[in-house]
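Everything below concerns the one structure shown next.
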Amino acid sequence: MSAITSPRPAALPVPLPVIIIAGCFIAMVTFGARSSSGLFLLPMTEDLGWSREGFAMALAIQNLVWGITQPFAGGFADKFGTGRTLAIGAVVYAAGLFLWSVTPTESLFMLTGGVLMGVGIGTASFGIVMAAFGRVVPQEKRSFVFGIATAASSGGQFVFAPLGQAFISNFGWQMALVYLGLIILMVVPLSTMLRGRTNSAPGEADMPFMQALAKAMGHGSYRLLVIGFFVCGFHLAFITVHFPAFLVQCGLTPEASSWALGLIGLFNVAGSLLAGWLGDRLPKQILLSVIYLLRAIGTAAFLLLPITEVSAYIYAATLGMLWLATVPLTAGLVSLFFGPRYMGMLYGVAFLSHQIGSFFGVWLGGVSFDMTGSYDLVWYLGILIGLFSAAIHIPIKEVRAPAFIAPQAPSIA
Numbered sequence: 067m068s069a070i071t072s073p074r075p076a077a078l079p080v081p082l083p084v085i086i087i088a089g090c091f092i093a094m095v096t097f098g099a100r101s102s103s104g105l106f107l108l109p110m111t112e113d114l115g116w117s118r119e120g121f122a123m124a125l126a127i128q129n130l131v132w133g134i135t136q137p138f139a140g141g142f143a144d145k146f147g148t149g150r151t152l153a154i155g156a157v158v159y160a161a162g163l164f165l166w167s168v169t170p171t172e173s174l175f176m177l178t179g180g181v182l183m184g185v186g187i188g189t190a191s192f193g194i195v196m197a198a199f200g201r202v203v204p205q206e207k208r209s210f211v212f213g214i215a216t217a218a219s220s221g222g223q224f225v226f227a228p229l230g231q232a233f234i235s236n237f238g239w240q241m242a243l244v245y246l247g248l249i250i251l252m253v254v255p256l257s258t259m260l261r262g263r264t265n266s267a268p269g270e271a272d273m274p275f276m277q278a279l280a281k282a283m284g285h286g287s288y289r290l291l292v293i294g295f296f297v298c299g300f301h302l303a304f305i306t307v308h309f310p311a312f313l314v315q316c317g318l319t320p321e322a323s324s325w326a327l328g329l330i331g332l333f334n335v336a337g338s339l340l341a342g343w344l345g346d347r348l349p350k351q352i353l354l355s356v357i358y359l360l361r362a363i364g365t366a367a368f369l370l371l372p373i374t375e376v377s378a379y380i381y382a383a384t385l386g387m388l389w390l391a392t393v394p395l396t397a398g399l400v401s402l403f404f405g406p407r408y409m410g411m412l413y414g415v416a417f418l419s420h421q422i423g424s425f426f427g428v429w430l431g432g433v434s435f436d437m438t439g440s441y442d443l444v445w446y447l448g449i450l451i452g453l454f455s456a457a458i459h460i461p462i463k464e465v466r467a468p469a470f471i472a473p474q475a476p477s478i479a
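In the working numbering, each number is its position in the sequence shown, counted from 1, plus 66.
Encoded structure:
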């Protein structure tokens with residue numbers, strides 16, 4: 067069996083630097099806007115008299131719907147093109163924000179900020195951007211380019227956390243959501259730079275999408291990767307939604323809380339780039355194991371020490387280095403296992419697991435606070451499952467899945 071080599075990318079209708087710049091801006095805006103959701107918890111619950119559990123449930127539904135949408139959006143992008151997928155997603159995403167701004171009840175919020183926004187984010191997220199990058203970048207450089215896209219997403223969190231708080235402080239939470247929706251609509255014209263769909267490369271098996279999904283789920287290393295990504299989602303969603311309120315409960319100001327959230331995004335620019343660079347040089351599964359282990363250790367240290375503005379910023383910076391560093395490594399493994407042809411769909415399946423974890427991270431945070439007045443139970447649970455995820459990544463094998471290698475044609479003597 068001959069070795070699989072990465073083909074030279076075909077001539078591009080749009081220059082590669084333009085594709086990467088446009089894709090990074092889309093990733094920054096779409097991830098940045100939703101990462102500021104936690105800033106609306108206090109003003110909305112105080113203004114409308116909602117419970118934190120109700121607010122958290124809506125965002126938990128958003129994360130779950132995002133995950134459910136991602137495989138279908140990825141498959142649609144693989145088959146019909148990433149540009150039109152991103153444009154559709156941006157319109158739905160913006161509509162969710164606009165309707166969220168006029169939502170009067172918790173149950174309706176679960177539809178607007180939950181279901182509608184979840185569909186929009188899943189269809190316009192950095193997962194679709196990375197599918198476009200995977201189509202035009204050789205295998206040996208994909209982890210680093212995926213790291214660039216992830217770093218751009220993190221840059222969005224750094225920009226939108228203080229920007230969202232500034233909108234809320236100066237214009238109120240309702241107009242803040244309207245302004246965020248208008249910014250999201252900028253994705254529509256930019257999506258034309260990422261048009262195109264993925265075809266099978268030489269040496270890669272070509273099969274119907276559902277058959278590819280069935281064969282991927284039979285690959286042991288992929289199953290472990292999918293399980294481990296659940297933990298990443300739990301961590302990220304709990305922090306994104308509840309960390310600002312937790313810090314206010316500890317005596318910090320809302321502005322300090324928003325800057326702590328922004329620091330996570332800023333430092334993850336470096337963390338994502340570093341993870342992508344290392345992923346092209348070291349075993350990706352070992353790097354993922356180290357990331358989850360360091361998250362658990364860092365969180366334990368943060369909780370054991372006195373919580374001050376300085377310690378919050380140090381923890382945010384440390385967590386930022388590990389925040390989305392899992393994404394280029396996970397996407398790189400999916401691309402390596404199965405090739406770029408099915409990456410949108412199969413990364414989407416892994417991301418569904420991530421978002422199921424997000425659902426439980428957000429929801430359990432709200433339940434824990436409403437029942438006990440504290441987030442302690444969820445903090446400690448996050449440490450335990452971080453150690454679990456560190457362990458299960460070690461057995462993953464960094465090789466192409468045999469079912470996705472095209473059979474050799476018999477030679478004619």
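From the three backbone atoms N, C-alpha and C, an ideal C-beta is built for every residue, glycine too.
1) Could you spell out the range, first to last residue, of the alpha helix (DSSP H) harbouring M437?
2) Identify, in the order they occur along the chain, each residue of the same chain with its Cβ nearer than 6 Å to the Cβ of S167, setting aside the five sequence neighbours on each side.
3) How many angstroms separate the CA atom of A479 from the CA atom of F404?
4) Between the Cα of L256 and those of T96, P310, L348, spot the shortest distance and give me the residue it belongs to.
5) Can you check whether the CB of V253 is closer than 7 Å to the CB of V185?
6) Any idea if G317 is buried or exposed, counting beta-carbon neighbours within 10 angstroms, 16 or more meaning buried?
7) Which residue spans inside the region 279-355 form an unbroken alpha helix (DSSP H) run of at least 4?
8) Taking V195 and A99 to be in contact with their CB atoms under 8 Å, please state how far apart those CB atoms are, rounded to whole angstroms.
9) Straight-line CA distance for E119 to G432?
10) Please state if the CB of L229 and the CB of T148 are separated by a distance shorter than 7 Å.
11) For G221, count neighbouring C-beta atoms within 10 Å of its own C-beta (all shown protein chains included) and say buried if the count is 16 or more, exposed if not.
12) Would you mind listing the alpha helix (DSSP H) stretches within the region 372-396 that are 4+ residues and don't spill past its ends, in chain order?
13) Determine the extent of the alpha helix (DSSP H) in which R208 is found, giving its start and end residues.
14) Rounded to whole angstroms, what's the CA-CA distance from A77 to P83? Just pull it up for me.
15) Report yes if the CB atom of A341 is closer than 7 Å to the CB atom of G213, and no otherwise.
16) Would S401 and M409 qualify as a contact pair, given that the criterion is a beta-carbon distance under 7 Å?
17) Here's a check: name, in chain order, each residue in its chain whose Cβ is nearer than 6 Å to the Cβ of A475, leaving out the five neighbours to either side.
18) Would you mind sorting Y446 into buried or exposed? The rule is 16 or more other CB atoms within 10 Å of its CB.
19) To the nearest angstrom, how far is the alpha carbon of Q136 from that of A190?
20) Assuming Y159 is part of the alpha helix (DSSP H), what are its boundary residues?
21) Roughly how many whole angstroms lie between the Cα atoms of L182 and L360?
22) Are L291 and A378 close, meaning C-beta to C-beta below 7 Å?
23) Okay, do the region 197-210 and the region 334-352 touch, 3+ Cβ pairs below 8 Å being the bar?
24) Can the beta-carbon of L125 be found less than 7 Å from the beta-carbon of V307?
25) Is I460 helix, strand or coil when you go by DSSP?
26) Taking the alpha-carbon of Y358 as reference, which of V376, T374, W389, L329 has the nearest alpha-carbon?
27) Counting along the chain, where does the alpha helix (DSSP H) carrying G179 start and finish?
28) With DSSP as the reference, label S455 as helix, strand or coil.
29) Which residue comes first and which comes last in the alpha helix (DSSP H) that contains S101?
30) Skipping 5 residues on each side, what residues in its chain have a beta carbon closer than 8 Å to that of L251?
31) DSSP on V465, reduced to helix/strand/coil?
32) Using a Cβ-Cβ cut-off of 6 Å (strictly less than) and excluding sequence neighbours within five positions of A303, which residues of its own chain qualify?
33) Give me, in chain order, the residues of the same chain whose beta-carbon lies closer than 8 Å to that of G452; leave out the 5 immediate sequence neighbours on both sides.
34) Under the assumption that H459 contacts L385 (Cβ atoms under 8 Å), give the Cβ distance between them as a whole number of angstroms.
This is what the structure holds:
1) 409-438
2) Q240, L243, V244
3) Note on A479: pLDDT 45, under 50, position unreliable in the model; no value is reported.
4) T96
5) no
6) exposed
7) 286-315, 320-345
8) Contact flag wrong, Cβ pair sits at about 15 Å.
9) 4 Å
10) no
11) buried
12) 375-388
13) 205-250
14) In this prediction, A77 scores a pLDDT of 41, lower than 50, which makes its location untrustworthy; no coordinate-derived value is stated.
15) yes
16) yes
17) With a pLDDT of 45 at A475, under the threshold of 50, the modelled position of this residue cannot be trusted; read the value that follows with caution. Hits under 6 Å: none found.
18) exposed
19) 9 Å
20) 148-166
21) 35 Å
22) no
23) yes
24) yes
25) coil
26) W389
27) No alpha helix (DSSP H) holds G179; DSSP gives it neither H nor E.
28) helix
29) 82-101
30) A156, V157, A160
31) coil
32) N129, S424, G427, V428
33) V297, H301, Y358, L359, R361, A362, T365
34) About 19 Å separates the two Cβ atoms, so there is no contact after all.
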